[in-house]
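Numbering (the working numbering), first residue to last: 9 to 107. Backbone N, C-alpha and C fix where the C-beta goes; we use that ideal spot for every residue, glycine too. Here's the structure we're looking at; comments come further down.
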C-alpha cells in the first residue's frame, strides 16, 4: 500500500502543495525579480520595471505597465504584455505571447 503525505503552505498569495507535484501558485510580484515554480503559476507584475520568470509548468504571466522582461520557461505559457517596452520570451512548449 502506498502512502502519501501532503502539506499545504500559504505565503501571501503563494500556495504550494508539498509531498507531490506543485499544483499552482498565484503571486503578485513586487518591483524587481519574481520567480514562479515548477508547476502552474499565475504571476502578476507591478506598474514598475519587472523581471518575471515562470520556470516550469504552464504559466500565465501579466507584467502590467512599465518596461518589463518576462520569460515563461518550460511548459505551455501565456504571456500578456501591457503598455511599456515589454520583452516577452517563451521557451520549450507551445507558448502564446500577446503584447
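query, result
"Rounded to whole angstroms, what's the CA-CA distance from residue 67 to residue 40? Just pull it up for me.", "19 Å"
"Which whole runs of the beta strand (DSSP E) in the segment 67-91 are 3 residues long or more, in chain order?", "68-70, 77-79, 86-88"
"For the beta strand (DSSP E) holding residue 40, just list the boundary residues, first then last.", "40-43"
"Identify the residues that DSSP records as bridge partners of residue 36: which are they?", "52"
"I want to check one thing, is the minimum distance from the CB of residue 46 to the heavy atoms of the ligand SAM below 8 Å?", "Among the components of this structure there are no ligands whatsoever, and the ligand SAM is therefore not found."
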